[in-house]
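Residue numbers (full-length UniProt numbering): 1 to 266.
Down below is the structure, laid out as C-alpha cells.
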Amino acid sequence: MPSMLRAALSVVPFPRPSTLPEDTLTSTAVVDRAHLARYQRVCGFRLSDRLPVTYPHVLGFGLQLDLMTRRDFPFPVVGGVHVANRIEQTRPLTADDVLELAVHAQDLRDHPRGRQYDVITTASVDGAVVWRDVSTYLRRGPSAGPREERPAREPAPGAPPHATWRVPTSTGTAYADASGDHNPIHTSWLGARLFGFPRPIAHGMWSKARCLAALEGRLPDVYTVDVSFKLPMLLPATVGFTWTGREFGLRDARSGKPYLAGTVTR
Numbered sequence: 001m002p003s004m005l006r007a008a009l010s011v012v013p014f015p016r017p018s019t020l021p022e023d024t025l026t027s028t029a030v031v032d033r034a035h036l037a038r039y040q041r042v043c044g045f046r047l048s049d050r051l052p053v054t055y056p057h058v059l060g061f062g063l064q065l066d067l068m069t070r071r072d073f074p075f076p077v078v079g080g081v082h083v084a085n086r087i088e089q090t091r092p093l094t095a096d097d098v099l100e101l102a103v104h105a106q107d108l109r110d111h112p113r114g115r116q117y118d119v120i121t122t123a124s125v126d127g128a129v130v131w132r133d134v135s136t137y138l139r140r141g142p143s144a145g146p147r148e149e150r151p152a153r154e155p156a157p158g159a160p161p162h163a164t165w166r167v168p169t170s171t172g173t174a175y176a177d178a179s180g181d182h183n184p185i186h187t188s189w190l191g192a193r194l195f196g197f198p199r200p201i202a203h204g205m206w207s208k209a210r211c212l213a214a215l216e217g218r219l220p221d222v223y224t225v226d227v228s229f230k231l232p233m234l235l236p237a238t239v240g241f242t243w244t245g246r247e248f249g250l251r252d253a254r255s256g257k258p259y260l261a262g263t264v265t266r
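Next comes the structure, spelled out in C-alpha cells:
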C-alpha cells in the first residue's frame, strides 16, 4: 500500500501504544541525477552533482513515512506538525555517493500544547555516518507539561530583506513531486481547508532548502543548520529573506510575520 494512502488511513481510530517503536528502518539510496536536478530547480539550488544538505532528507522521506504510518506508532501521521529540523553534515556529499539510510524515532516528551517526538534519519557512506537529520514533530492535545506562556508578538523587521521572493501556489505541487511529500495541505485547496487553512501552505522543508539555496557559496563544507518553523506560509506568498552572519530568516514581505528562523554553525 502506498505510504501516502497509509497516511490517510492512519486517522481511522484503533488502539495505539503509548510509546514510540524501537525499530530502525533501513534502505540504500542511489542518487538519480534527473531527480536531483528536479529537486535543485524547485528549491533554487544550482544544478550540480553536489547534494544540497537537505536532499538526503528527501531520500529518507519514504522511510520516515513508513515508520510513522505503522500501527505501533503512537499517533496518526495526519495532524502532526513539523516544528523544527536540524541537519548535521560532516563532509560534502555528491551524486556518486551510495547512501545507507536509517530512520528511527525517539524522545517522546510533553509539550505545553501536546506531545513532541523526534524522527532521526542518518546517511552513512562506507560504514561511516556523514549526515544526520532530526525532525521534531508536535502532536497537539492534552499534556502534563507546564502551562504555555503566550509569546510576545514579533515585530516586523526594521531593515529591508536581503532578497524578496514570490512563491506561487504551484510550489506546493512541484515540491511534493520532487520530495514525495504529497500531504494535501500543501497541494490542494480542499485538503488545506479540511485542516483549517484557507489556502495550501508551503512545505517547511522547501522553505529551509530555499533559504540554503540563497546561501550557496557562503556555507562551509562541514556544518550544522537548525531551523524552527514558525507560522504557516499560505500560497501564493511574497516573502523576505534575511541573513546576518550565522542566522537567517524568512518573513512575509508585507506584514513581517515570521515563517522560519534558522542558524548555521560550523
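For glycine and all other residues, C-beta sits at the position ideal for the given N, C-alpha and C.
Under the 10 Å beta carbon count, residue 251 is surrounded by 16 or more other beta carbons and is classified as buried. Residues of the same chain with a CB within less than 6 angstroms of the CB of residue 102, apart from the 5 flanking positions on each side, are 24, 26, 122 in chain order. Looking from the CA of residue 119, the closest CA among 221, 38, 85 belongs to 85. Going by C-alpha positions, residue 58 is about 31 angstroms away from residue 255. By the Cβ neighbour-count rule, residue 168 is exposed, with fewer than 16 other Cβ atoms within 10 Å of its own. The beta carbon of residue 125 sits closer than 6 angstroms to those of 97, all from its chain and outside the five residues before and after it, given in chain order. Counting of Cβ neighbours within 10 angstroms places residue 48 among the exposed residues, the total staying below 16. By the criterion of a C-beta distance shorter than 6 angstroms, residue 87 is surrounded in its chain by 53, 133, 225, once the five residues flanking it on both sides are discounted.
Per the DSSP secondary-structure output, residue 103 pairs in a beta bridge with 25, 121.
Note on geometry: alpha-carbon atoms of residue 200 and residue 257 lie some 17 angstroms from one another.
Beta-bridge partners assigned by DSSP to residue 87: 133, 225. Looking at the DSSP output, residue 78 sits in no beta bridge, so it has no partner there.
Between residue 180 and residue 262 a beta carbon distance of about 23 angstroms is seen, past the 8 angstroms cut, so the two are scored as non-contacting. Under the DSSP definition of a beta bridge, residue 248 partners with 243, 262. When rounded, the separation of the alpha-carbon atoms in residue 128 and residue 198 is 45 angstroms.
Each residue's CA atom was taken as its position, placing residue 202 and residue 171 some 7 angstroms apart. Non-local beta-carbon contacts of residue 240 in its own chain, meaning distances under 7 angstroms to residues more than five positions away in sequence, involve 161, 164, 251, 253 in chain order. Residue burial annotation: residue 89 is buried, with at least 16 other C-beta atoms found within 10 angstroms of its C-beta. The UniProt domain "MaoC-like" (171 to 241) is shown to contain whole beta strand (DSSP E) runs of 3 or more residues at 223 to 229, in chain order. Within the same chain, 74 come within 6 angstroms of residue 16 by CB-CB distance, once the 5 residues on both sides are set aside. Residue nearest to residue 37 within the set 29, 28, 50 is 50 (criterion: CA-CA distance). Per DSSP, residue 166 is not a residue of any alpha helix (DSSP H); the beta strand (DSSP E) it occupies stretches across 163 to 167. Taken through DSSP and simplified to helix, strand or coil, residue 62 comes out as helix.
Judged by DSSP in its simplified three-state form, residue 42 adopts helix.
Beta-bridge pairing by DSSP links residue 111 to 114.
Pairing residue 178 with residue 55 gives a Cβ-Cβ distance that is not under 7 angstroms.
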